[in-house]
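**Q**
Numbering (the numbering used here), first residue to last: 2 to 300.
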């Protein structure tokens, strides 16, 4: 497995950040645009791409559901694309993020046929290949807090996070939106918050496989972390990072899961290779998020 390590400073360390999202430009996380397949600006593919991006960012797009896919063109000039907004955010925030991503994508990845842009609020993705209803693990991004759980509680915490998140994965995979949030008490003073989401075009089994894989590969000995795949994403924190009031009906808090739950096995994956200059296809990106406004101490 090849890794790229990024050190990011994050200010999303309190629930206040959720309320501030609507008043800010989307928070950029990472882009994946390998230069293995490219196009020219005077090509039919580019014309089809512009049509696709216009459709995804139109006023009539499905911002209320947070997901839409589209196709433009035929044969070798065909392009498929989609957007996925975080399930707890409003249609207005979703629309703002998609419009921002569409505006930025041709600057960030000006000639690549296969592109994924990850933002805090949404993901924009398009390709010359068929990406609809298709499970993909390449182009994953890991973000993890730099702070560890104290060594005498690491194994217990890892089991707790794994059990809680995998329970949430089952609920998400069985829902129409392929989205679920969960919270469970870790200590009398600390609650674990989790969020899992797939693109709704996946089957129940593909969504569950993707989420199980993301939870399995996330470092679970930190006080927070997430893994973003093109097909799904998982995140846990020890603060309320999502908008609880926007989720209807709100899921009840879980009781502390049994710590004897066995870890979920990972489906077989080929070892990704490092892409050449300008590309990052099939590379799992790891970002260490340094929280600058809050510290958690565990005895």
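Just so it is clear, CB atoms sit at the ideal spot from N, CA and C, and this is done for glycine as well. Since we're looking at a predicted model, the values are computed, not measured.
Along the chain, where does the alpha helix (DSSP H) that runs through residue 216 open and close?
**A** Segment 205–218, the alpha helix (DSSP H) holding residue 216.
**Q** Starting from residue 184, trace the alpha helix (DSSP H) both ways and give me its first and last residue.
**A** Premise fails: residue 184 lies in the beta strand (DSSP E), 180–188, not in any alpha helix (DSSP H).
**Q** Taking the CB atoms as reference points, tell me whether residue 73 and residue 49 lie closer together than 7 Å.
**A** Contact: yes.
**Q** Under a three-way DSSP split, which group does residue 235 fall into?
**A** Residue state, collapsed to three classes: strand.
**Q** Pull up the distance between the alpha-carbon of residue 163 and that of residue 217, whole angstroms please.
**A** Answer to the nearest angstrom: the Cα atoms are 8 Å apart.
**Q** By the DSSP assignment, the beta strand (DSSP E) with residue 241 in it spans what residues?
**A** Taken as a continuous stretch (DSSP letters only), residue 241 belongs to no beta strand (DSSP E), as it is neither H nor E.
**Q** Buried or exposed for residue 25, going by 16 or more other Cβ atoms inside 10 Å?
**A** Label assigned to residue 25: exposed.
**Q** Can you tell me whether residue 178 is buried or exposed, with buried defined as 16 or more other CB within 10 angstroms of its CB?
**A** So residue 178 ends up on the exposed side.
**Q** Suppose only complete runs of 3+ residues qualify. What are the beta strand (DSSP E) ranges in the segment 106–131, listed by chain order?
**A** If we require 3 residues or more, the beta strand (DSSP E) runs fully inside the segment 106–131 come out as 116–120, 123–128.
**Q** For residue 100, I'd like the list of residues in its chain whose CB is within less than 7 Å of its CB, leaving aside the five on either flank, ordered along the chain.
**A** 58.
**Q** By Cβ distance below 6 Å, which residues in the same chain neighbour residue 117 in space, the five residues on each side in sequence not counted?
**A** Excluding positions up to five away in sequence, the list reads 33, 126, 140, 231.
**Q** Comparing alpha-carbon positions, which option in 64, 225, 80 lies nearest residue 132?
**A** For residue 132, the nearest C-alpha among the options comes from 80.
**Q** Within 10 angstroms of its Cβ, does residue 203 collect 16 or more other Cβ (buried), or is it exposed?
**A** By the neighbour-count rule (16 or more Cβ atoms within 10 Å), residue 203 is buried.
**Q** Name the two residues that bound the continuous beta strand (DSSP E) containing residue 68.
**A** Counting along the chain, the beta strand (DSSP E) containing residue 68 begins and ends at 68–73.
**Q** Report the rounded CA-to-CA distance for residue 31 versus residue 109, giving the unit in angstroms.
**A** The alpha-carbon atoms of residue 31 and residue 109 are separated by roughly 10 Å.
**Q** Inspect the beta-carbon positions of residue 27 and residue 122 and report whether they are closer than 7 Å.
**A** The answer is yes: Cβ separation under 7 Å.
**Q** With the cut-off set at 7 Å, would you say residue 39 and residue 115 are in Cβ contact?
**A** Their beta carbons are not under 7 Å apart, which means residue 39 does not touch residue 115 by this criterion.
**Q** Taking only three categories from DSSP, how would you classify residue 227?
**A** Note: residue 227 maps to strand in three-state DSSP.
**Q** Do the segment 204–223 and the segment 153–163 make contact, defined as three or more Cβ pairs closer than 8 Å?
**A** Flag = yes, the segment 204–223 and the segment 153–163 touch.
**Q** Per DSSP, what kind of secondary structure is residue 50 in: helix, strand or coil?
**A** It is helical.
**Q** Which residue's Cα is closest to the Cα of residue 106: 51, 225, 167?
**A** When each option's Cα is compared against that of residue 106, the closest is 51.
**Q** Determine whether the beta carbon atoms of residue 240 and residue 195 lie at a separation below 7 Å.
**A** Not a contact, by the Cβ cut-off of 7 Å.
**Q** DSSP on residue 36, reduced to helix/strand/coil?
**A** It is coil, neither helix nor strand.
**Q** Taking the C-alpha atoms as reference points, what is the distance between residue 66 and residue 56?
**A** The straight-line gap from Cα to Cα measures roughly 16 Å.
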